[in-house]
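Asker: Numbering (the numbering used here), first residue to last: 212 to 584.
Glycine included, every Cβ here is placed at the ideal spot set by N, Cα and C.
Please read all numbers here as calculations on a predicted model, not as lab measurements.
This is the structure I have questions about; it appears just below.
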Amino acid sequence: MTRLHELYERGGQSPWVDDLHREWLTGGHLQELVARGVRGVTSNPTIFAKAIEATDVYDDQFKGLLARMSSEDAYWEMVVEDIERALEVLGPLYESSQGADGFVSLEVAPSLARDTEGSVAAARSLHGRIDRPNLLVKVPGTAEGIPAIRQLFSEGKSVNVTLIFSIDRYDEVAEAYLFGLEALAASGVTDLSGVHSVASFFVSRVDTEVDRRLEALAGGGDAVGDPEILALRGKAAVVQARVAYEHFTKIFSGPRWEALTAKGARVQRPLWASTSTKNPAYPDLLYVDTLIGPDTVNTMPEQTLDAFADHGTVARTVDADLEGAHQVLGDLARVGIDMRDVTATLEAQGVSSFSKSFDGLLQSLTDKANAIA
212 MTRLHELYER GGQSPWVDDL HREWLTGGHL QELVARGVRG VTSNPTIFAK AIEATDVYDD
272 QFKGLLARMS SEDAYWEMVV EDIERALEVL GPLYESSQGA DGFVSLEVAP SLARDTEGSV
332 AAARSLHGRI DRPNLLVKVP GTAEGIPAIR QLFSEGKSVN VTLIFSIDRY DEVAEAYLFG
392 LEALAASGVT DLSGVHSVAS FFVSRVDTEV DRRLEALAGG GDAVGDPEIL ALRGKAAVVQ
452 ARVAYEHFTK IFSGPRWEAL TAKGARVQRP LWASTSTKNP AYPDLLYVDT LIGPDTVNTM
512 PEQTLDAFAD HGTVARTVDA DLEGAHQVLG DLARVGIDMR DVTATLEAQG VSSFSKSFDG
572 LLQSLTDKAN AIA
């Protein structure tokens, strides 16, 4: 029994790892992480870019694939192979947990973040290509992504809705899930238990952006800035996530939700993403220890997983002092922080960052293909 096991058994939270490398699959490291208590895997274009560009383990396969397809198609072949292997590793956990965990997430191409129909088509394709019940296809929760995920849920597809930065957008995502399940049931499906979803709410990046704005409003750093304003640094991310969890408990309760659970519907768990601490002045587990509670997931890079296994605190904290959380959000607004503008900025940055990583990877593969030719 590790502290990661305790996080799930006593804290009600599933620890997932936010990383994937082929060496983990060929060398048994992913199995070791599962044995230590990891209960799922998330990936994104940046993760795969680093994995493919930083090593030569994909080179032989890539050369062989180039004989019959483009470099971009070869990328998807290599990624799908990694995801399928990871799904096999997590499959026994999916079965033993009766579908509660054991998931692996694969994201659609980042260029589709603002393309509703393209996102639907890509998610359908990935689910058809990787026909496993523990696959979650990641679709960004942008304004254009909301109708896409609504449609996918109505078709019975399992989705990890990613790049959620605001409470308002979280509410839209949860509503899309309920609407989709209701449409699926109305189509004649009597068992909804095969539809799985998490809502990936990004955390640490919120503090990065809010802190930058607070320091600008305060007129300087610790030595010269307004202490009342500077005292709000490092608080926005956690309190916003806690308020989102408060919304979650209200949305997934009551007659509407009970009608769906009677047909086997599973709760759409909030997943705390981007939970490694970016500011070295903050505790290394700031975004883990403070957001533990039932029906949640925290996806962490391996370094953060190791830190929690070493000195994390297992205690229910996600709904601690909700009155204080609302007060902090009010204080932020009072000093001039517009959280809607903050989260809109972060969403745009997130979409752009993943797109740049993906474009850079494809260019790197094209260059390598040209060199091989």
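(1) Going by beta carbon distance, what residues of the same chain come within less than 7 Å of V478, once the five residues before and after it are set aside?
(2) Any idea if I378 is buried or exposed, counting beta-carbon neighbours within 10 angstroms, 16 or more meaning buried?
(3) According to DSSP, is T515 part of a helix, a strand, or is it coil?
(4) Where does the unbroken alpha helix (DSSP H) through V449 begin, and where does it stop?
(5) Considering D532, what are the terminal residues of the beta strand (DSSP E) in which it resides?
(6) With DSSP run on the structure shown, which of helix, strand or coil describes D326?
(7) Do you know offhand how far E513's Cα is from T253's?
(8) Excluding five sequence neighbours on each side, which residues of the same chain lie with their C-beta closer than 7 Å to the C-beta of D293?
(9) Skipping 5 residues on each side, what residues in its chain have a beta carbon closer than 6 Å to that of Y305?
(10) Could you please give the first and the last residue of the uninterrupted beta strand (DSSP E) stretch that includes I375?
(11) Could you tell me the boundaries of the beta strand (DSSP E) in which S564 lies?
(12) Out of D229, Y269 and V421, which one is the CA nearest neighbour of D542?
(13) With DSSP as the reference, label A349 as helix, strand or coil.
(14) Between which two residues does the beta strand (DSSP E) containing D585 stretch?
(15) So S411 is in the alpha helix (DSSP H); what residue range does that whole segment cover?
(16) Does P358 come out as helix, strand or coil in the three-state DSSP assignment?
(17) Quick one: using the 10 Å Cβ neighbour count with 16 as the cut-off for buried, is H522 buried or exposed?
(18) Going by DSSP in three states, G465 sits in which element: helix, strand or coil?
(19) Let me know the secondary structure DSSP gives G313 once reduced to three states.
(20) Kindly identify the DSSP beta-bridge partner or partners of A484.
(21) Can you name, in chain order, every residue of its own chain whose Cβ lies under 8 Å from the Cβ of I341, other than the five neighbours on each side?
(22) Strictly by DSSP, which residues pair up with L251?
(23) In three-state DSSP terms, what is T507?
(24) Helix, strand or coil: how does DSSP classify T501 here?
(25) Apart from the five residues on each side of it in sequence, which residues of its chain come closer than 6 Å, Cβ to Cβ, to A484?
Answerer: On the basis of the data shown:
(1) F463 and D506
(2) buried
(3) helix
(4) A447 to I462
(5) Counted as a single uninterrupted DSSP element, the stretch harbouring D532 is not any beta strand (DSSP E), since DSSP gives it neither H nor E.
(6) coil
(7) 12 Å
(8) L231, R233 and L236
(9) G313 and N345
(10) V370 to I375
(11) Following the DSSP letters along the chain, one finds S564 in no beta strand (DSSP E) but inside the alpha helix (DSSP H) bounded by residues M550 to I583.
(12) V421
(13) What sits at residue 349 in the sequence shown is Lys, not Ala. Here K349 sits in strand by DSSP.
(14) A question about residue 585 goes unanswered here, because the residues of the chain that appear run from 212 up to 584.
(15) That residue, S411, is in no alpha helix (DSSP H); its beta strand (DSSP E) goes S408 to F413.
(16) helix
(17) exposed
(18) coil
(19) coil
(20) F413
(21) V291, I294, E295, L298 and L317
(22) First, the residue type needs correcting, since residue 251 is Gly and not Leu in the sequence shown. Its beta-bridge partners are F314.
(23) strand
(24) coil
(25) S411, F413 and T510
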